[in-house]
């Protein structure tokens, strides 16, 4: 019994993904336009037909720029062998229409940057989790591979709180399995027994980076590992950039914890913004180079400043379901006031008295309501009136404020 139902459509999609699966928009666009079967037939047909249908992408293809070289590369792929290797590794190859195919990934259709982008023809998945269920409440956490201790601590603590804090809806933490912020985010989620998804730029049978082998094994055992590249595929620069679009697509929002000016996290933010995802950033020391991207995103209005897991929930959960953020700072006299009383108190000067008419004018509250509010404020010790009928704020409370 096999894990996958290897229909002709699934075999064809696995073959196209093996040919150029890492987000080459010309090939993926061809599959979307013609359908996988017709696209695969074309890619294995005459050199003239290939050259007439798409500009040959310069992304990882074999030497040569002719249709002949491209045709030879396609001819070297055996879909049955790809299927056999997938089964031997115990991976799932999911495609649109499967119950594990998340609708969120469909937002990648037509989403392109440069020569990358487009909807994957399929995804290889490993691990006990269910991709659709885990993507319903998911947040991506990304950042520098050369993270500081501060950044790793923030990422781990935030991921732990999001994935496993008691008495709140758990969130799935999505990241890229790399060193630094990625690894800290995955570890934070796993530490509490929470859910985490790692999206890789290589085949799931490879462990990259090798220094994260133990972590990647844990993710496969307890979480989910995802890739649009077949078993045996090695990582490339373009593969990492294309991988970022899947990280962004699987989550409702993206958190940038630490990232230098040229960090790949900036690329993930661009994909997220293109798909309408919420972008968040954690501020860091102004003296740290790892704070440059988060600070620029916040400064330019591309990201919302966050400091904790509750900030993330407040931004991502539906209206009415977001947690009430705690009041920051010690309570001050007058914080409990509301309505006319609050407005009138703010209009009262601290060191000189003003007439009733001046209070009404400064507060915008009608005279009769202003009189009632002043009486209540005086009864509670927030206002005082002198013998000439002039009102001011009671200095004792103003000094405490």
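Numbering (the working numbering), first residue to last: 3 to 403.
Cβ coordinates follow ideal geometry from the N, Cα and C atoms, glycine included.
Worksheet item: Going by other Cβ atoms of all chains shown within 10 Å of its Cβ, with 16 needed for buried, is residue 212 buried or exposed?
Response: exposed
#### Entry: Alpha carbon of residue 217 to alpha carbon of residue 205, nearest angstrom
16 Å
ask   = Hey, how far is the Cα of residue 121 from the Cα of residue 21?
value = 15 Å
Handout entry: Proximity of residue 343 and residue 365 at Cβ, strictly below 7 Å
Key = no
When DSSP labels each residue in this structure, what does residue 137 get in the three-state scheme? helix
Task: Span separating the alpha-carbon of residue 360 from that of residue 387 - done: 13 Å
- Query: DSSP three-state call for residue 94: helix, strand or coil?
  - Reply: strand
**Asked** Given that a residue counts as buried once 16 or more other Cβ atoms are within 10 Å of its Cβ, and exposed if not, what is residue 1?
**Response** Given that the chain is displayed from residue 3 to residue 403, the structure contains no residue 1 and the question cannot be resolved.
ask   = Looking at residue 265 and residue 146, is the spacing between their C-beta atoms short of 7 Å?
value = yes
Shorter than 6 Å, the distance from the beta carbon of residue 390 to the closest heavy atom of the ligand GDP, or not?
The ligand GDP is not part of this structure, which contains no ligands at all.
Q) Taking C-alpha atoms, which residue in 336, 150, 169, 185 lies nearest to residue 161? A) 185
What's the call for residue 246, buried or exposed, on a 16-neighbour Cβ count within 10 Å? buried
### Query
Is residue 252 closer than 7 Å to residue 131 when the C-beta atoms are compared?
no
Exercise for review: Would you kindly report the start and end of the unbroken alpha helix (DSSP H) that includes residue 372?
Suggested key: 369 to 381
Q | Terminal residues of the alpha helix (DSSP H) in which residue 2 lies | A | Given a span of 3 to 403 for the chain in the structure shown, any question on residue 2 remains unanswerable.
* Simplified DSSP state of residue 42, which is helix, strand or coil -> helix
In the DSSP assignment, find the beta strand (DSSP E) that holds residue 126 and state where it starts and stops.
125 to 128
- If residue 42 and residue 5 are in contact, beta carbons under 8 Å, what's the gap, nearest whole angstrom? That pair is no contact at about 22 Å.
- Task: Using alpha carbons as the reference points, say which of 281, 320, 292 lies closest to residue 1.
- Result: Residue coverage of the chain in this structure runs from 3 to 403, which leaves residue 1 outside it and unanswerable.
* To do: Give the straight-line distance between the Cα atoms of residue 175 and residue 243, rounded to the nearest whole angstrom.
  => 19 Å
Self-check item: In DSSP terms, what residue 280 is bridged to
Solution: 255
Quick check: what's the CA-CA separation for residue 151 versus residue 190? 14 Å
Q | Identity of the residues DSSP links to residue 394 by a beta bridge | A | 386
Review point. Run through DSSP, which three-state label would residue 340 get?
Key: coil
Given residue 396, which residues of its chain have a CB within under 7 Å of its CB, disregarding the five upstream and five downstream residues?
383, 384, 385, 386
Task: Within the segment 217 to 256, ranges of the beta strand (DSSP E) (whole runs, at least 3 residues) - done: 226 to 229
Please tell me whether residue 2 and residue 15 are closer than 7 Å, where the distance is taken between their beta carbons. Since the first residue of the chain shown is 3 and the last is 403, residue 2 is not available in this structure.
CB residue 238 to CB residue 144, shorter than 7 Å?
no
Let me know if residue 197 comes out buried or exposed under the rule of 16 or more other beta-carbons within 10 Å of its beta-carbon.
-> buried
How close, in whole Å, do the beta carbons of residue 336 and residue 394 come, if the pair is a contact with beta carbons under 8 Å?
Their Cβ separation, rounded to whole angstroms, is 14 Å, which puts residue 336 and residue 394 out of contact at 8 Å.
Of the choices 276, 230, 259, 232, whose alpha-carbon is the least far from that of residue 250? 276
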